[in-house]
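Novice:
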Amino acid sequence: MNGSKLDKIFKPKSIAVIGASDTVGSAGYRIFRNLIGSGYDGIVYPVNPKRESVQGVQAYPSINAVPKVVDLAIVCTPATAVCDVVEQCGIRGIRGILIISAGFKEIGVEGVAREKRLLDLKKRYDLRIVGPNCVGFIMPYLNLNATFAGSMPDRGNIALLSQSGAVCGAILDWAAAAKVGFSSFVSVGSMLDVDFGDLIDYFGMDIHTRSIVLYIESITDAKKFMSATKGFARAKPIIVIKSGRYKEGAKAASSHTGALAGEDIIYDAAFRRSGVVRVMDIMDLFNCSSILAKQPRPMGPHIAIVTNAGGPGVLATDSIIEKGGKLAQLSPETIEKLNKVLPAHWSHSNPVDIIGDGDEDRYQKAIEICLEDKNIDGLLILSVPQVMADPKKLADRLVDIARKTTKPILTSFIGEASVYHAREILNRNNIPTYASPDEAVESYMYLYHYERHLEQLYETPQELDIKTPAHTEIIKKIVETATKEKRTLLNESEAKMFLELYGITTTTPIIAETEDKAVKAAEKIGYPVVMKILSPQISHKSDVGGVILDLRCGEDIRTAFREMTRKAKEKVPDAKILGVTVQKFVKNQGYELILGSKKDPVFGSVILFGLGGIFTELFKDRAIGFPPLNQTLAQRIIEKTKAYELLKGFRNIPPVNMNAVEETMITFSQMLIDHPEIKEVDINPLIPQGNQLIAVDARIILDLEPAKHPHLIITPYPMKYIKQITLKDRTEVTLRPIKPEDEDMWLEMFKSFSEETIRFRFFRIIKETPHEVRTRYCNIDYDREIGIVAVVTENGKKRILGVARLIVDPVKKDECEFALVVTDEWQRQGLGSRFLDFLIEIAKDKNLTKVTGVVLKDNYPMIALCREKNFQFSEGDPGEYKVEYDVLLDEGLTDGTLESGKKISESDEPDDGKTTKKNPKKPAKAVKS
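Last residue of the sequence shown: 932 in this note's numbering, with the numbers rising by one and none dropped.
#1: Taking contact to mean at least 3 C-beta pairs separated by less than 8 Å, is the region 637-649 in contact with the region 468-479?
#2: Please return the same chain residues whose Cβ sits closer than 7 Å to the Cβ of Leu859, not counting the five positions on each side in sequence.
#3: Using C-beta distances below 7 Å, list every residue in its chain close to Gly615, excluding the 5 sequence neighbours before and after it, in chain order.
#4: What is the DSSP secondary structure of Pro743, reduced to helix, strand or coil?
#5: Using the three-state DSSP reduction, which class does Ile294 fall into: helix, strand or coil?
#6: Residues in the same chain with beta-carbon distance under 7 Å from Gly96, minus the five sequence neighbours each way, listed in chain order, please.
#7: Which residue marks the beginning of the alpha helix (DSSP H) containing Tyr451, and which one marks its end?
#8: Judging by CA-CA distance, which residue of Ser293, Glu666, Arg33 and Thr852 is the nearest neighbour of Met468?
#9: Give me whichever residues DSSP pairs with Cys819 in a beta bridge.
#10: Quick one: give me the first and last residue of the alpha helix (DSSP H) that Leu675 is part of.
#11: Could you pull the start and end residues of the alpha helix (DSSP H) that Asn432 belongs to?
#12: Give the secondary structure of Asp10 by DSSP, where H, G and I count as helix, E and B as strand, and everything else as coil.
#13: For Cys373, which residues in the same chain have their Cβ closer than 7 Å to its Cβ, ignoring the five residues on either side in sequence?
#14: In whole angstroms, give me the CA-to-CA distance for Tyr43 and Leu147.
#15: Does DSSP put Leu538 in a helix, in a strand, or in coil?
#16: Classify Pro394 as helix, strand or coil using the three-state DSSP reduction.
#17: Under the DSSP definition of a beta bridge, which residues are partnered with Arg625?
#18: Ala162: which of Ile215, Val138 and Ile110 sits nearest, CA to CA?
#19: Here's the rule I'm using: 16 or more other beta-carbon atoms within 10 Å means buried, otherwise exposed. How should Glu266 be labelled?
#20: Quick check: the Cα distance between Gln586 and Lys535, rounded to an integer number of angstroms?
#21: Whole angstroms are fine: how far does the CA of Thr517 sit from the CA of Glu788?
#22: Helix, strand or coil: which one does DSSP assign to Ala236?
#23: What are the complete beta strand (DSSP E) segments, minimum 3 residues, inside the region 61-149?
#24: Below 8 Å on the Cβ atoms is my contact criterion, and I expect Met194 with Thr150 to pass it. Report the Cβ-Cβ distance as a whole number of Å.
#25: Use the C-beta contact count for Ala425: other C-beta atoms within 10 angstroms, 16 or more gives buried, fewer gives exposed.
#26: DSSP three-state label for Thr414, please.
#27: Are the beta-carbon atoms of Ile478 and Met500 separated by less than 9 Å?
#28: Output needed for Glu503: all residues of its chain with C-beta closer than 6 Å, excluding positions within five of it in sequence on either side, in chain order.
#29: From Thr568 to Val482, what distance separates their C-alpha atoms?
#30: May I ask you to verify whether the region 85-96 touches the region 53-73, counting CB pairs closer than 8 Å and requiring at least 3?
#31: Could you give the first and the last residue of the continuous beta strand (DSSP E) run that contains Pro49?
#32: Going by Cα to Cα distance, which pick from Leu38, Phe416 and Val57 is closest to Ser24?
#33: What did DSSP end up calling Asn160 once you bin it into helix, strand or coil?
#34: With distances taken from CA atoms, which of His678, Tyr447 and Asp577 is nearest Pro539?
#35: DSSP three-state call for Glu708: helix, strand or coil?
#36: By DSSP, does His714 sit in helix, in strand, or in coil?
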């Protein structure tokens with residue numbers, strides 16, 4: 004994390020506490036006391052104009068009087084003085100600010116004005132600010148306690164980031180008793196500047212942090228949050244508890260934090276999309292933290308139970324099944340081995356009941372036998388107080404056993420006084436122990452579902468035939484007309500035209516202003532037909548009797564026209580009735596679907612899918628996703644609904660072509676990406692029929708003043724980085740961003756590499772690249788990384804000739820590292836040179852200032868290529884050069900001389916390097932997976 008601006012806050016060498024105090028119980032007293040009393044080896048200056056000393060340390064009247072420019076200023080003054088204090092810090096050159104004080108947006112207009120001024124100061128002086136209205140932070144590995152909380156927690160591997168100071172206090176108190184340590188703890192407060200996204204990026208790179216735990220009330224920058232969580236969730240589990248699951252709770256959260264909380268179902272979908280584990284209460288957070296800190300992550304759902312009583316074993320079994328786990332099937336070999344060490348009347352199955360008279364020896368033998376069984380992914384040890392088994396001795400045995408296995412072991416010693424010391428032994432030795440079997444199973448399954456969800460999230464999607472929109476000028480005209488007329492609601496004909504141009508089949512309506520015209524329209528379409536009211540003031544037509552189905556003759560049409568217009572005028576007197584629309588009647592197969600979207604104030608455009616028709620709001624069978632979608636992501640949304648079982652076929656209902664559903668959803672997603680002016684869409688009902696889906700009704704509401712792309716929290720496929728090039732041998736090649744669907748082609752490319760090309764690219768010989776490795780290269784976050792593939796079509800088949808990529812430094816943000824590789828048979832055709840030129844173009848487009856890389860010293864083609872492109876060279880690790888391109892200066896060394904004065908080896912062909920690699924000392928930034 005070298006070079007991060009947040010180092011000034013979280014790794015300060017000097018601190019000033021502005022508002023440090025001798026008043027016992029005040030924030031200024033507690034914070035200063037914690038800083039000087041926890042073993043922190045930096046310098047701490049108290050600032051208080053009314054004191055010559057604070058807690059025995061010389062005080063200074065102002066920040067200007069402090070003898071040096073400190074890294075971090077901690078502000079504990081009243082809110083009315085905070086802005087002036089921060090400005091003084093900015094003028095002095097202090098860049099890290101922690102504001103403890105409350106009294107900002109949570110108090111209303113006056114507080115909002117203070118925050119606005121703080122943001123102006125942040126920009127003017129290039130500050131990073133944590134808070135306001137927070138408890139502070141703790142860095143155990145630095146003995147740095149910058150909070151007014153209690154004692155320093157144990158050192159561990161969990162970063163705890165919380166929006167609630169009180170929740171933080173509860174977790175730290177629990178952790179002390181459970182012997183769970185932390186790599187860091189941050190109370191984020193109001194997140195005026197530094198937010199969850201910044202902190203996940205920062206601690207995701209921290210060598211002491213293996214997992215991140217979040218308590219969230221609201222998210223201020225959803226795009227940054229999603230990018231950060233997706234960037235690290237695969238490597239470091241992120242656990243979230245989100246308060247405000249119901250409207251009343253969300254309202255309380257909003258009042259507490261001054262931020263607008265989004266609908267909980269949308270938060271839930273966001274956590275799933277980014278690979279985050281969501282737990283539902285504080286106890287689950289405690290328990291998951293315990294297993295994360297102490298045990299290997301579960302790799303499968305198959306749990307074995309070893310118990311000395313039947314009842315708890317049955318309860319644990321119920322809990323496993325209820326929570327989606329599986330009771331491990333003991334192998335015949337395991338049963339045979341257990342027969343030799345257990346009484347003849349043992350259970351002979353899972354749960355393994357060693358019988359009430361079992362002592363610690365019998366426990367140990369049964370446990371060790373179970374751990375050898377390949378059918379078992381994890382082990383749950385249950386113990387109830389019995390005469391023969393000494394809980395303390397059993398705990399000691401478990402400590403020895405746990406050190407010899409890579410499978411997670413969880414325990415539940417049921418009781419209190421008689422098992423207290425046993426629990427202490429287990430906690431002290433990194434074996435999670437729970438008050439009940441249910442808690443143990445819950446924790447295990449949360450983390451198993453995390454692993455399983457990541458597998459599903461990064462499953463290789465199918466390449467579907469998605470149509471590009473036709474006649475975009477018509478769509479533009481529709482939007483322009485509505486905007487000119489100051490209409491936000493498109494009429495049904497306009498909305499369906501919108502969909503049709505994107506390839507979504509609709510029932511095309513004919514507008515009829517009179518009865519006679521309605522009859523003619525029906526005769527033109529062919530009976531049976533549907534009639535709908537046409538009025539810009541009526542959005543939900545069914546609510547006012549504005550939809551009549553299955554009309555079969557002219558008399559039906561006339562009667563329906565009169566009755567419909569009468570009811571509409573009665574129910575909406577101010578509505579302007581323009582007539583009706585007439586369209587083909589499509590009979591459903593027993594159910595209807597809904598596909599829609601809306602702009603959420605936090606998460607932008609979201610996609611909704613589920614059971615539709617007039618009972619949509621009653622049944623509430625819906626799932627949420629975010630654009631962009633691919634086949635895998637569309638499938639995951641569908642699977643979250645009850646409609647999924649119907650789509651597969653049910654009783655006399657035939658199955659639907661699932662690819663057609665997925666293609667419709669992906670096309671719909673692309674429509675939302677292309678049109679930020681879309682505020683809401685309802686396609687309801689959407690009726691499956693044969694191999695297609697038909698949009699029977701559609702409603703589109705426009706946002707008349709849309710900004711550019713704030714509606715997307717996930718960056719879509721960057722079409723602007725597609726270009727055609729011609730190689731030296733006149734081969735036409737497409738350079739384009741890589742996508743998840745390229746995984747098979749990527750593997751084919753990798754298999755064609757020689758050992759030398761592999762070594763030049765990865766700095767070691769790699770024989771196999773399993774799916775979880777390949778997906779890291781193909782399924783990327785375009786905000787953080789761009790992988791450019793060179794694709795050629797040979798005999799109707801596409802091939803990847805090479806890959807070049809830029810990876811943005813998640814901490815420095817304005818710097819990136821590059822890597823590139825070309826297949827052996829396509830080297831020396833100029834592709835490496837074109838790759839590197841394109842990467843530099845992209846770096847400029849993204850406003851990056853520096854492109855860096857590492858090259859092996861015997862990779863002469865890459866060295867020559869970097870020299871040709873004016874990269875600067877310096878010595879790296881043994882056998883390596885560091886190369887650097889200054890995008891702003893656009894110049895570098897051109898004479899082939901190292902800064903150290905060493906001459907770079909010459910190459911016969913300077914135009915086609917094989918690779919650079921990521922620095923292996925920075926694993927979170929490494930291209931290697």
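Even glycine gets a Cβ: it sits at the ideal position worked out from N, Cα and C.
Quantities reported herein were computed from a predicted structural model and do not represent experimental measurements.
Specialist: On the basis of the data shown:
#1: no
#2: Phe763, Phe766, Gly882 and Glu883
#3: Glu595, Leu596, Ile597, Asn687, Pro688 and Leu689
#4: DSSP, reduced to helix, strand and coil, places Pro743 within a helical segment of the structure shown.
#5: helix
#6: Val72
#7: Pro440 to Leu460
#8: Correcting the residue type first, residue 468 is Asp in the shown sequence and not Met. Ranking Ser293, Glu666, Arg33 and Thr852 by Cα distance to Asp468 puts Glu666 first.
#9: Val811 and Val854
#10: Met661 to Asp677
#11: Per DSSP, Asn432 belongs to no alpha helix (DSSP H) and is neither H nor E.
#12: helix
#13: So the list reads Ala307, Val309, Thr337, Val355, Ile379 and Leu382, once near-sequence residues are dropped.
#14: 5 Å
#15: The displayed chain sequence assigns Ser, not Leu, to residue 538. Reduced to three states, the DSSP call for Ser538 is coil.
#16: The three-state secondary structure of Pro394, taken from DSSP, is helix.
#17: Note: Arg625 sits in a beta bridge opposite Gly613.
#18: Ile215
#19: Under this definition Glu266 is a buried residue.
#20: 9 Å
#21: 58 Å
#22: Of the three classes helix, strand and coil, the one that applies to Ala236 here is coil, per DSSP.
#23: 75-78, 99-102, 131-133 and 139-142
#24: Wrong, their Cβ atoms sit about 17 Å apart, outside the cutoff.
#25: Buried: at least 16 other Cβ atoms inside 10 Å.
#26: When DSSP states are grouped into helix, strand and coil, Thr414 belongs to the strand group.
#27: yes
#28: Thr509
#29: Thr568 and Val482 have their C-alpha atoms spaced approximately 28 Å apart.
#30: yes
#31: Ile46 to Val50
#32: Val57
#33: strand
#34: Asp577
#35: coil
#36: coil
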